[in-house]
Amino acid sequence: MAGRECLNLGKKSRYCWRVFVHLRQLTSPSKHSKSAASDFPVLSYPIQTSDEIKARLAHLVALAKTQWLDNPKNVVFAYVQSRTGSYPEFRFAEGRYHGKSHKVIRSTLVIDEEYNIVATGDGKSQKEAEKAAALHGVLLLLERDFIAHPPPGIFGSGGKGNSKVLTAALFDGTSVSLEQAREFIDFFCREGHFGSPDVVFHEAHEVRGRRVLIHGWKATMCIGGTPVGESLESNKKTAQNAAYLNTATTLADEYRDMWVKYLQMPRSKLAGKAPPVYFRVSNELEEKMRHLYDTIRDSELYANRPRTTAVLSSPPDATPATKKADATRHALSDEQHEQKSQQMLENLNAYQTDERVKSLRIAREQLPVMQHAGDILVKTELNPITVCMASTGSGKTTQVPQILLDDFTLRKQGSRCNIICTQPRRIAAISVAQRVAKERGESVGDSVGYQVRFDSKMPKPDGSILFCTTGVFLRRLQSALEDASGTSFLDNVTHILMDEVHERDVETDLLLAVIKRVLQDRRERGCPEIKLLLMSATVDPKLFQQYFEGFSARPVPVVEIPGRSFPVQKYYFDEIYQQLQELALPLNQGGWVWHEQSVRDYVHREIIEHGGRISDSVGSSDDKLIIDNLELPYPLVALLIAYVLTRSRDGHVLVFLPGWDEIKIVHQLLLNSKEYPLMGVCFDDSSQYEIHILHSSVPVTDQQAVFEPVRHPHIRRVILSTNIAETSVTIPDVVYVIDTGRVKEKRYDPERHLSSLVSAWVGTSNLNQRAGRAGRHRSGEYYGLLSMARYNRLGVSQTVEMKRLDLSNVVMHIKALNIPGMEVEDVLASTIEPPASERVQAAMVDLGRIGALDYHSNLTSLGKMLLHLPVDVNIGKMCLYGAFFRCLDPVLSLAAILTNRDPFMAPIHLKREANEIKNSWCPTTFRSDPLCVLNAYYEWNRLLSLHPSQANRFLYQNMLSRSTMFQIQQVKENLFQSLRKANVIQLIRSSAGVPPRYRRRIRETDPEFNANAHSTALLASLIAVSSPNFAVRTGERTFRTSQDKSCFIHPSSVCSAKFQKDKAKMSASPSMPNKDIYAFAEKVRNTSQMTGSAGHAMTFMRTCTRIDPLSYMLFGATEARASPQGLDCDSWLPVTGDYDALDGVERIKSVMDACILRVLEGIQIPLTNLTAKKSSIEPVASDVLNDTFSDDEEDADPTIPPVGPLTMHEVQELESLTSRIVDLLDHYASENPLS
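The opening residue of the sequence shown carries number 1 in the UniProt record's numbering; numbering runs sequentially from there.
Below, the structure is given as structure tokens:
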């Protein structure tokens, strides 16, 4: 009965309430009517909106810092907390202005009762009114100078009100501030490799009757997945700050040794860093960041993230089986071997009588190496390792592989002979393969083939010769070291020939160490023996004999073969200078050359100073003799070319120059004979002269033209080349060699973690090799642009690459090789000339920085995936991120652009016009050299698909290199195929829900791969991924990097000041600092206008891109540490601003990187589609014939749960994650335009 009465009363109450609401609606005016606002009280003047406050108190606004004006609540809260220990409360009232009808909300904030500081603010919403009141409060405090010097509070006096906020007592009685707590927790997580701390918020509810009210927020801080500290407060910010303090006190008490270590840690001084960059976000964006972090943290993708100690488990058993099947795919039976060997013998006999190749056959028989064929065969048969020291012109490169194959063929064992011959360069591998195939009367792809990066024509198996680059062969060796059964492609290999071992590039040295280990391992397991031949013209046999000492009972034998070269007359600069001076050329015939500053400086150093003083260079004692910062005398080189041609009637001229820039300048001087006359020689007359360029960035088809006969016997060729023509390749009819004696070398500073490209002198053995190019066909002449004094000071060879290059890629390859019982340090220590240990450690640090190695120095899932991409690790990481963020086509184009030369050409006489054209393709916001090229490439590619003739006209009008543009196109296509083989493309298609295609092939331009390609902010962020180098502006033209206090943007960059004349005068207002951040690819030092002393050289940054602070923190910086000012990024660039926003960025980066690792980890296992019967992603397979890496791993740690495949839900979460981060980048860019 009581229950029914209560029910009836409840019904009556609800009925009465509905009647009341209905009557209220009838009697109350509409919310849109003017009379509604008239019911609100009139607010007192003055008007307190943010704009009115700033206008009325402009004198105080001018004194305020930008961060105070953007986030005034921080300052007010800090002041009130320092004075009272509590948080201020905003009180709100609705009203209207006199004579106005619209509603206004006024917020009142009592800041300091003792000094009667009360702030008010007006707005259309509570949030807007709250911010205006806080702004008013900041200006009131600033008026009394209470921000810098607050009155004493419950924490005592001292300090700035915005630097000391809350404190907590520690175990030893001392107190820790909020900033110290953040620093200590960050230090603790870094030392323990726990990653960034997680802060989880939960609403705390209070039940009052039937209503559930939000009582506050509970913040829980987790470290390494374990909750450590928590706090319950009225708002999120207060709860988070208290959680920081509670966590710090807990950790300091339980890990007192870590607290002591933290206190002993040297404090970074701001004076040693770059000027701080200010990071500001709107309340809306900050809320969006907070919500994004919470969403990611609660995702399945993040829950399944790999731990820092995780190791990928081995793929399913099917993968090794597939590999084994691949390795034995072409295995022949004994009967088949006999049949094929008989066929090879018949072909060889037919070759001996074939009239079509008679001249080639006779030419082969006359080569010196053929006279020593018996010696080569005997020593190779009796010894596992042989050194072949054959002089230039002996024919070792083309004939030794044929001698070995023909010997097996004559013994009716031809099908069992498979030879791999390594070459240091792509053009050498291709041209030698073509030459050998031609000599044998075959096409490339029959018994002779080649395999280089981005191109291959494999020979038919069983009785073959394969020419490949050293790097390609290193990759193929990986599978040979992983299969304990010994089943690998090496089982079918009988000989490995390493050509030009004297060059000692890093891959050659590494290959020697790996081959030595492989041969030992195969011998211990009883596998068939592989013969190793080391070949060179200038090799020191003792060095290699000592390296392989003890490998067999007998010492390593040496086959010495004299060359078939003709006499070469050598002239050095002392004599060349005298000959040219005696000509007494007038200005209009070439005399202008002697008035050029670069020529005068060069003559003074080489002739007057006899090669210059050692003090003119900087660096180690070796570097002082090798590195040369003085500008090359380009006009003198051009004049010498003309001189050689005028004093002879036939024969081609080969010119050795250090690099592409030097080739381009000399090329332009030769073609512009009207402005730069050279002894009356018209190089632009195609009926008399052809100018060819040999450089790695020039397409192979264009380079091959130099090996073809000239169109007319009277045409003479000038070949401008780097050291690519120094060995292996022989250019027909070259009689004259002009040698600058220099080469572009990459040098890596392990302390600064920075690579630089320097101009260095080669060794005397290199000079002799270059001189030998002039005597291959008849007597020749050599002109060396170095004095005899300089020549006598040079070493025999260049500094080996292992001792001067960045070893990051080498370390990663060694990790992938997984040599049993050997760590990276052991492998590199076993090389023929080991690198310094600090260089190895620096490489390990760099790989850890980009996420390729974990803190146990094991390859991460990112590192394993990068091995599938034939580019540097930073570029490879950009390609992967570009795919995951659905920006594939532009990112692959950017990767190709960054690995090629700048296609924009700048002729000397048209430099200004060329600069204007280049600048016209630059984005207006994120100014960028790569994006500039990208825009031009897109337009050219569009025209190419429509009208090739228009595309060619476009190249001419925009001064773009046709060969470079096609090279970009080729590299882009190969990168796309590499991503397909790595399963990345299949993953993206599955997440987009795209049905399988049966008729049209998948392309990188397909819409499902490029949903975010429109975002310039994303493109700039992904360029930051590819660049480990950053700079921040410190002045109108000066910049600061992590290592340089002052450097400049190169004048050729669209980011330089000359391209932004409207921005030349930057704001000097301290309240609006303009600290632009730039990513750059490399640094160069320029002394062209100096006296040659490197001490006064200017450092320039090249290939620059302007990025915003959010892009830098999320994608560019690798480590962010908490500091009293905000965040210290990579220990050199401070970022200041709102703590909450900076913490949010740091946490988003942490969870984003963890999710990407999970994707990379799971992508190597078939996708589990819970709704489909068949997986949409195939397992990653290894194919040793396609130059990819295998995916076998060592046994997984049994304490770590097995890695599961990606679920469809995780794939969808990846799509959501990347889309929302792109939205974040675009939102920030719209709020903070880089104009």
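Even glycine gets a Cβ: it sits at the ideal position worked out from N, Cα and C. All values reported here derive from a predicted model rather than from experimental measurement.
Checklist entry - Under 9 Å, do G137 and L178 count as touching if we go by C-beta distance? => result no
Item to check | Closest residue to Q451 among D462, T470, V436, R435 (Cα-Cα distance) | outcome: T470
Checklist entry - How about R83 and E94: do their beta carbons lie closer than 9 Å? => result no
Item to check | Beta-ladder partner(s) of N418, from DSSP | outcome: S464
Checklist entry - Where does F279 land, buried or exposed, given buried means 16+ other C-beta within 10 angstroms? => result buried
Checklist entry - Going by C-alpha distance, which of A936, D702, E1082, A168 is nearest L757? => result E1082
Item to check | beta strand (DSSP E) runs contained entirely in the segment 814 to 888, provided each spans 3 or more residues | outcome: none
Checklist entry - How close, in whole Å, do the beta carbons of N1029 and L888 come, if the pair is a contact with beta carbons under 8 Å? => result So it is not a contact: roughly 25 Å between Cβ atoms.
Checklist entry - How far does the beta strand (DSSP E) with H652 in it reach, from first residue to last? => result 652 to 656
Next on the checklist: Check for me: the alpha helix (DSSP H) holding F573 runs from which residue to which?
Outcome noted: 573 to 582
Checklist entry - Could you give the residue range of the alpha helix (DSSP H) that holds A936? => result 929 to 946
Next on the checklist: Measuring CB atoms only, is the segment 792 to 802 touching the segment 420 to 436, in the sense that at least three cross pairs come out at less than 8 Å?
Outcome noted: no
Item to check | Range of the contiguous beta strand (DSSP E) that encloses I117 | outcome: 117 to 123
Checklist entry - What is the C-beta distance between L543 and H495, in whole angstroms, given that I count them as a contact (C-beta under 8 Å)? => result Contact doesn't hold; Cβ gap of about 22 Å is too wide.
Next on the checklist: Under 8 Å, with one C-beta from each stretch per pair, do the segment 933 to 944 and the segment 858 to 867 reach the 3-pair mark?
Outcome noted: no
Checklist entry - Is the beta carbon of M289 sitting closer than 9 Å to the one on I968? => result no
Next on the checklist: So residue 1242 and I185 are supposed to be a Cβ contact under 8 Å. How far apart are they, rounded?
Outcome noted: Limits of the chain in this structure are 1 at one end and 1235 at the other, which puts residue 1242 out of reach.
Next on the checklist: For Q434, which residues in the same chain have their Cβ closer than 7 Å to its Cβ, ignoring the five residues on either side in sequence?
Outcome noted: V444
Next on the checklist: Rounded to whole angstroms, what is the Cα-Cα separation between Y855 and P197?
Outcome noted: 17 Å
Next on the checklist: Buried or exposed, going by whether 16 or more other CB atoms sit within 10 Å of the CB of D846?
Outcome noted: buried
Checklist entry - What first and last residue would you give for the alpha helix (DSSP H) that runs through K261? => result 256 to 264
Next on the checklist: Please classify P1051 as buried or exposed, where buried requires at least 16 neighbouring CB atoms within 10 angstroms.
Outcome noted: exposed
Item to check | Cα-Cα separation, S314 to E1161 | outcome: Caution is warranted here: a pLDDT of 34 is assigned to S314, below 50, making its placement in the model unreliable, and the coordinate value is therefore given only provisionally. Computed Cα separation, rounded: 11 Å.
Item to check | Separation of F707 from Y572, as counted between CA atoms | outcome: 28 Å
Next on the checklist: So, does the segment 803 to 820 touch the segment 593 to 605, judging by three or more C-beta pairs under 8 Å?
Outcome noted: no
Checklist entry - Under a three-way DSSP split, which group does S615 fall into? => result Low per-residue confidence applies at S615: pLDDT is 38, beneath 50, and the placement is therefore not dependable enough to give any value.
Next on the checklist: Let me confirm a value: M265 is counted as buried when at least 16 other C-beta atoms fall within 10 Å, else exposed. Which label applies?
Outcome noted: exposed
Item to check | Distance, I724 Cα to L1022 Cα | outcome: 33 Å
Item to check | Those residues which DSSP pairs with K570 across a bridge | outcome: Y782
Checklist entry - If you check the beta carbons only, do V737 and L654 fall under 9 Å apart? => result yes
Item to check | In chain order, each beta strand (DSSP E) run of at least 3 residues that lies wholly inside the segment 896 to 921 | outcome: none
Checklist entry - Which residues in the same chain have their Cβ closer than 7 Å to the Cβ of R564, if we skip the five residues on either side of it in sequence? => result L367, P368, G393, S394
Checklist entry - How about P459 and V448: are their beta carbons less than 9 Å apart? => result yes
Item to check | Terminal residues of the beta strand (DSSP E) in which S456 lies | outcome: 455 to 457
Checklist entry - Hey, K744 and S765: beta-carbon distance below 9 Å or not? => result no
Checklist entry - Exposed or buried, what is S13 when buried is set at 16 or more other beta-carbons lying within 10 Å of its beta-carbon? => result Summary for S13: the model assigns pLDDT 44, below 50, so the residue's position carries little reliability, and this model does not support an answer.
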